[in-house]
Every structure is written in C-alpha cells, then in structure tokens.
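Colleague:
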Amino acid sequence: MPPRRTGAAPDLMERPLVLAVESSCDETSAAVLRGPRELLGHVILSQDAHSLYGGVVPEIAARAHIAAIDDVVAGALREAGADLAAIDVFAATAGPGLIGALLVGLTWMKAAAWARERPFLPIHHMEAHLFATAIADPHAVPPFVALLVSGGHTMLIHVREWGTYELLGETRDDAAGEAFDKVAKILGLGYPGGPRIENAAREGDDTAFDFPRPMLATNQRPEDADYFDFSFSGLKTSVLTRVRSLEREGKLGSSIHDLAASFQRAVIDVLVAKTLRALDWTRAPRIVLGGGVAASRSLRTALDDGLNGRATLHVPPPRLATDNAAMIASAAAFHFARGATGALDATARADLPFPGLERSRTARSR
Ligand code: KG4
Ligand code: ZN
Numbered sequence: 001m002p003p004r005r006t007g008a009a010p011d012l013m014e015r016p017l018v019l020a021v022e023s024s025c026d027e028t029s030a031a032v033l034r035g036p037r038e039l040l041g042h043v044i045l046s047q048d049a050h051s052l053y054g055g056v057v058p059e060i061a062a063r064a065h066i067a068a069i070d071d072v073v074a075g076a077l078r079e080a081g082a083d084l085a086a087i088d089v090f091a092a093t094a095g096p097g098l099i100g101a102l103l104v105g106l107t108w109m110k111a112a113a114w115a116r117e118r119p120f121l122p123i124h125h126m127e128a129h130l131f132a133t134a135i136a137d138p139h140a141v142p143p144f145v146a147l148l149v150s151g152g153h154t155m156l157i158h159v160r161e162w163g164t165y166e167l168l169g170e171t172r173d174d175a176a177g178e179a180f181d182k183v184a185k186i187l188g189l190g191y192p193g194g195p196r197i198e199n200a201a202r203e204g205d206d207t208a209f210d211f212p213r214p215m216l217a218t219n220q221r222p223e224d225a226d227y228f229d230f231s232f233s234g235l236k237t238s239v240l241t242r243v244r245s246l247e248r249e250g251k252l253g254s255s256i257h258d259l260a261a262s263f264q265r266a267v268i269d270v271l272v273a274k275t276l277r278a279l280d281w282t283r284a285p286r287i288v289l290g291g292g293v294a295a296s297r298s299l300r301t302a303l304d305d306g307l308n309g310r311a312t313l314h315v316p317p318p319r320l321a322t323d324n325a326a327m328i329a330s331a332a333a334f335h336f337a338r339g340a341t342g343a344l345d346a347t348a349r350a351d352l353p354f355p356g357l358e359r360s361r362t363a364r365s366r
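Count the sequence shown with my numbering and you get residues 1 to 366, in order.
If you want it as structure tokens, here you go:
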C-alpha cells in the first residue's frame, strides 16, 4: 500500500470537513465544505466603503476584514451546523492579493488550525477560481480550457487534470476586470465597474464607437507571442481619448451608453476569440469560466454563440464567480486528498506563484 502522508483514513482524505476563508481583496468570506463539492455553509460580505474612492483601498480593506472576520466565520459554521472542533482541515487564501488583507484570513485560520491541531492549507486564489464552477456543476471537470477573468488577472489555462496547468495566455498589462473598473471610472459609472458597464451597455449601441481589439489580428499563428495573450491598457486609453473629445464637443452625456456598449463589445470580442483559439489548439471538450468577469451575461452569451456547440460551456453561478471562500475550500479539499499535510509556517504573498502552472511552450510570449 502506498504510504499516506497524513495518516488519515481514506474517507477522511476524500471527504474532509473543510473550513476556509477568503480575504485577498474586498470580500470577507468563509465556507464550510464537505469534500470537494458539498457546500454546507457560506457567507460572503462585500465591503462597500471602496465605492467612495472608485477602487479598493488596501488599508481600508485590511481593517474591514479584521472587523468582519469573526462574525463571517461564525456565520458559515452556524449555517453548516458545525463548530471548530468538527473541522478536519483549515484553509485560507495565501495570495495573490493585497498583503494586509490576506494576512487577516491567513492568520485566523492558522491560529484555529494550531489550536485544534489540524492541518492548515495555504491556497492560491487563482487556482481556487478554477475549482469554483465544479462546486455547482459536476461536469466542470478536466480536461478543459479555463478563461479566468478577474480584477487582477486574465488567464487562459489548459487544465488536463487538476493540479497540472498549462498557461496558454495572460494579460500583458491590465486585467479584463481592471479595464472594466477603470473605464467605468472614466465614464463616471462608479465601482465595481463590470456590472455598471453591463447595465449602461444595455441601452447603448455597441457599434457606435470603433474601439481597438488589442492583440487580435487574423494573421496571427499559435507560435506568435501574442496569439493567446491579452492587453487591455491601450483600449482603456482609447476610451479616455474619445471621452475627452466628446467632452470638448459637449456630447459626452448623451454618449455614455454607447461608449459602455462599444467598450464592452471590444473586450468581449477579444476574450471570445482567444478562448476559441485555445479550444481549437487544445481540442478540449469544454470551457470553464472563472473570476468576477464571468458574472457578465454578455460574455456568457457571446461565448455560447461563438462556440456554436463545438464544446460545452460551464459557468459558475454569480456567487461563485466573484471572490468567495467556497472555492478556497474546494481547492483545499483537492490538495488534502492528494496528500498535502499542512503548513503552519505558510505566509501570505502578494505575488504567490500559481502551483503546477507552466507556460505553454507553444504559446511563447516572453
Ligand atoms: O474575481 P473577482 O471578484 O475579484 C478579483 O479576484 O479580482 O473579480 C472582480 C472583477 C471586478 O473587476 C468587476 O468589475 C468584475 O469582476 N465584474 C464584471 C462583472 N461583474 C463583476 N465584469 C464585467 N461584467 C460583469 N457583469
Ligand atoms: Zn478573484
């Protein structure tokens, strides 16, 4: 029999009761999960204060996590009908994210694990986004192409099996969600930008302005550095330039909806085209979306239309698309089942490396 690193019984290995916290940005969240998918308790508290500033203020985020975390953890445990003594595995996001914010959740969970003499598992936030969809949809499992689109990241990953990740493409500058947030600020729509732009776009004409589709040319080939990569910063500047000239002409007020719709269309065109390229390249049978921008109905519809039955599209419910602790717990259950033994010496890192991720040799970008 192969040695079992934790010494735990097989049923505990596969269906441990996991308590996880997510505090990498502006959501304080805790979840209790049995095994990789059975969600027993889940609380997500979004911090509102940042909307005053048009973006997340790290110091405010860290303080708000401290104020909320006890109640959020207690709420998740109550919902699950469990107490700390029942928990087999403790987990928290260790990065990437805001360092002060990360430390709040990580320190809480490490202390609890130490007190209860149970393993603590540090989890990578973006790897966890890969697991989110499968909590609600049992078919969202490898092999698949993942499009991860959040406020901090934009990544196309070929997932042949859990734990082994081939990075096909990523953003060279702004993340997709970040572009939505910055353009929403330019248009005076507030924060978070994605949903506000999507709302404004509903009443706009997406052909009104011809914004660029960055890194998307029809003559690119898979060997080209920019075939799978993204870039959104130039698009944002192009919106800014247009806004300034409309302002000078006194036409800005009447153009907001058209600007939102045309910008959103440009981002989505690029995301869809690159995802379809990844699908052709990998021949994966399904696509899994993750990250806050996956909450966009317009993106889902455009992907569905573009796919035209070539592969199945798996999208997380909105609550599991944006930041949440259920996905952290699910990733922890996977690593525990694989034999991870816990690391009380783990620390938070703003730039934590993605475990098991390797840049594809075909899609060379640097
Ligand atoms: O994954 P997430 O909750 O946090 C990070 O890890 O960054 O993603 C947040 C991002 C924000 O940039 C927000 O504007 C974007 O997700 N977002 C959307 C939509 N809902 C949220 N972007 C486009 N359309 C949406 N409906
Ligand atoms: Zn996220």
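Just so you know, even glycine gets a beta-carbon here, dropped at the ideal spot from N, CA and C.
Keep in mind the model is a prediction, meaning the values are calculated, not measured.
With H, G and I counted as helix, E and B as strand and the rest as coil, what does DSSP make of Phe-230?
Modeller: What you label residue 230 is simply residue 230 of the sequence shown in a count that begins at 1. Phe-230: strand per DSSP, three-state reduction.
Colleague: For ligand 1, I want to know if Pro-317 counts as a neighbour, meaning its beta carbon is within less than 7 Å of at least one of the ligand's heavy atoms.
Modeller: What you label residue 317 is simply residue 317 of the sequence shown in a count that begins at 1. Result no, Cβ not under 7 Å from ligand 1.
Colleague: With respect to 7 Å, is the separation between the Cβ of Val-57 and the closest non-hydrogen atom of ligand 1 below this value?
Modeller: Position 57 of the sequence shown, counted from the first residue, corresponds to residue 57. Val-57 Cβ: outside cutoff for every heavy atom of ligand 1.
Colleague: Is Gly-95 near ligand 2, with its Cβ less than 7 Å from a heavy atom?
Modeller: Locating residue 95 in the sequence shown gives position 95, counting from the first residue. No; taking the cut-off as 7 Å, the Cβ of Gly-95 has no heavy atom of ligand 2 nearer than that.
Colleague: If Phe-131 sits next to Ala-284, beta carbons under 8 Å apart, how far is it from one beta carbon to the other, in whole angstroms?
Modeller: Indexing the sequence shown from 1 puts residue 131 at position 131. Indexing the sequence shown from 1 puts residue 284 at position 284. Wrong, their Cβ atoms sit about 17 Å apart, outside the cutoff.
Colleague: Under 8 Å: do the stretch 21-39 and the stretch 92-105 share three or more Cβ pairs, one atom per stretch?
Modeller: The stretch 21-39 is in contact with the stretch 92-105.
Colleague: Roughly how many whole angstroms lie between the Cα atoms of Pro-142 and Asp-210?
Modeller: On the sequence shown, position 142 is the one that residue 142 refers to. On the sequence shown, position 210 is the one that residue 210 refers to. Cα to Cα, Pro-142 sits roughly 37 Å from Asp-210.
Colleague: Which residues does DSSP list as the beta-bridge partners of Met-327?
Modeller: Locating residue 327 in the sequence shown gives position 327, counting from the first residue. Note: Met-327 sits in no beta bridge, so no partner.
Colleague: Using 8 Å as the threshold, is the stretch 340-349 in touch with the stretch 98-116, meaning 3 or more CB pairs across them?
Modeller: Cβ pair count under 8 Å is three or more, so yes.
Colleague: Just to confirm my understanding: we take Ala-179, look at its own chain, exclude 5 residues before and 5 after, and list those with CB closer than 7 Å. What are they?
Modeller: As a first step, residue 179 is located in the sequence shown; it is residue number 179 there, counting from the start. The answer, listed in chain order, is Phe-232, Leu-235, Lys-236, Val-267.
Colleague: Count the other C-beta atoms from every protein chain shown that fall within 10 angstroms of the C-beta of Asp-368, then say buried if there are 16 or more, exposed otherwise.
Modeller: Residue 368 lies beyond the range of the chain shown here (1 to 366); nothing can be said about it.
Colleague: Specify whether the stretch 31-46 and the stretch 352-360 touch according to this definition: at least 3 beta carbon pairs, one from each stretch, less than 8 Å apart.
Modeller: With a cut-off of 8 Å, the stretch 352-360 and the stretch 31-46 do not count as touching, because too few Cβ pairs lie within range.
Colleague: Output yes or no for whether 8 Å exceeds the beta carbon distance between Leu-289 and Leu-147.
Modeller: Residue numbering aside, residue 289 sits at position 289 when the sequence shown is read from its first letter. Residue numbering aside, residue 147 sits at position 147 when the sequence shown is read from its first letter. For Leu-289 and Leu-147, yes; Cβs fall inside 8 Å.
Colleague: Specify the secondary structure class of Pro-16 as computed by DSSP and reduced to three states.
Modeller: The residue given as residue 16 occupies position 16 in the sequence shown. Coil at Pro-16, not helix or strand.
Colleague: Cα separation between Ala-433 and Asn-219?
Modeller: The chain is shown from 1 up to 366; residue 433 falls before or after that span and cannot be answered.
Colleague: Of all the options Ile-287, Ala-80, Leu-84, which has the alpha carbon lying nearest to the alpha carbon of Ala-115?
Modeller: What you label residue 115 is simply residue 115 of the sequence shown in a count that begins at 1. The shortest Cα separation from Ala-115 among Ile-287, Ala-80, Leu-84 belongs to Leu-84.
Colleague: With a CB to CB cut of under 7 Å and the five nearest residues on each side skipped, what residues in its chain are close to Thr-164?
Modeller: Locating residue 164 in the sequence shown gives position 164, counting from the first residue. For Thr-164, where only same-chain residues beyond five positions count, the Cβ hits under 7 Å are Gly-356.
Colleague: So which residues put a beta carbon under 5 Å from any heavy atom of ligand 1, going in chain order?
Modeller: Counting every residue whose Cβ lies closer than 5 Å to a heavy atom of ligand 1, we get Ser-150, Gly-151, Gly-152, Gly-177, Phe-180, Asp-181, Pro-192, Gly-193, Gly-194, Pro-195, Glu-198, Gly-291, Gly-292, Val-293, Ala-295, Ser-296, Thr-322, Asp-323.
Colleague: Which whole-angstrom value is the C-beta distance of Ala-329 and Val-18, which I expect to be below 8 Å?
Modeller: If you number the sequence shown from 1, residue 329 lands on position 329. If you number the sequence shown from 1, residue 18 lands on position 18. The pair is a contact, with the Cβ atoms about 4 Å apart (cut-off 8 Å).
Colleague: What's the call for Asp-205, buried or exposed, on a 16-neighbour Cβ count within 10 Å?
Modeller: Taking the first residue of the sequence shown as position 1, residue 205 is located at position 205. Result: exposed.
Colleague: Roughly how many angstroms lie between the CA atoms of Ala-273 and Asn-324, to the nearest whole one?
Modeller: As a position in the sequence shown, residue 273 is number 273, starting the count at 1. As a position in the sequence shown, residue 324 is number 324, starting the count at 1. Straight-line Cα distance between these residues: approximately 28 Å.
Colleague: When we look at the beta-carbon of Pro-138 and count the other beta-carbons within 10 Å, is it buried (16 or more) or exposed?
Modeller: Residue 138 sits at position 138 when you count from the first residue of the sequence shown. Pro-138 should be labelled exposed.
Colleague: If contacts are defined as beta-carbon pairs under 8 Å, then Glu-127 and Ala-331 qualify, I think. What distance do you get, rounded to the angstrom?
Modeller: For this step, residue 127 is matched to residue 127 along the sequence shown. For this step, residue 331 is matched to residue 331 along the sequence shown. So it is a contact: roughly 6 Å between Cβ atoms.
Colleague: Under DSSP, the alpha helix (DSSP H) around Gly-55 begins and ends at which residues?
Modeller: Position 55 of the sequence shown, counted from the start, is the residue given in the question as residue 55. Where Gly-55 is concerned, there is no enclosing alpha helix (DSSP H), given that its DSSP letter is neither H nor E.
Colleague: Could you give the DSSP three-state label for Pro-353: helix, strand or coil?
Modeller: Along the sequence shown, one-based indexing puts residue 353 at 353. Note: Pro-353 maps to coil in three-state DSSP.
Colleague: Tell me the DSSP secondary structure of Arg-248 in three-state form.
Modeller: Your numbering for residue 248 matches position 248 in the sequence shown. Reduced to three states, the DSSP call for Arg-248 is helix.
Colleague: Is Ala-9 buried or exposed, if buried means 16 or more other CB atoms sit within 10 Å of its CB?
Modeller: Against the sequence shown, residue 9 aligns to sequence position 9. The residue is exposed, with fewer than 16 neighbouring Cβ atoms inside 10 Å.
Colleague: Along the alpha helix (DSSP H) that carries His-129, what are the first and last residues, could you check?
Modeller: As a first step, residue 129 must be located in the sequence shown, where it is residue number 129. It spans 125-136 - the alpha helix (DSSP H) in which His-129 sits, taken as one unbroken run.
Colleague: With contact counted as at least three CB pairs below 8 Å, one residue from each stretch, are the stretch 306-319 and the stretch 275-282 in contact?
Modeller: In short, these stretches touch, since the Cβ pair count reaches three.
Colleague: Below 8 Å between beta carbons: does that hold for Val-89 and Pro-16?
Modeller: Your numbering for residue 89 matches position 89 in the sequence shown. Your numbering for residue 16 matches position 16 in the sequence shown. Contact: yes.
Colleague: Cβ of Thr-133 within 8 Å of Cβ of His-335?
Modeller: Within the sequence shown, numbered from 1, the residue matching residue 133 stands at position 133. Within the sequence shown, numbered from 1, the residue matching residue 335 stands at position 335. Not closer than 8 Å, so no.
Colleague: Answer yes or no: the CB of His-158 versus the heavy atoms of ligand 2, is any distance below 7 Å?
Modeller: Counting from 1 along the sequence shown, the entry for residue 158 is found at position 158. His-158 Cβ: outside cutoff for every heavy atom of ligand 2.
Colleague: Can you pull the DSSP bridge partners for Arg-286?
Modeller: Counted from its first residue, the sequence shown places residue 286 at position 286. Paired residue(s): Thr-312.
Colleague: Give the secondary structure of Phe-211 by DSSP, where H, G and I count as helix, E and B as strand, and everything else as coil.
Modeller: To locate residue 211, count along the sequence shown from 1; it is residue 211. Here Phe-211 sits in coil by DSSP.
Colleague: Which stretch, first to last residue, makes up the beta strand (DSSP E) that contains Glu-161?
Modeller: One-based indexing of the sequence shown puts residue 161 at position 161. 154-161 is the extent of the beta strand (DSSP E) around Glu-161.
Colleague: Check for me: the beta strand (DSSP E) holding Val-149 runs from which residue to which?
Modeller: Numbered from its first residue, the sequence shown carries residue 149 at position 149. Note, Val-149: beta strand (DSSP E), 144-149.
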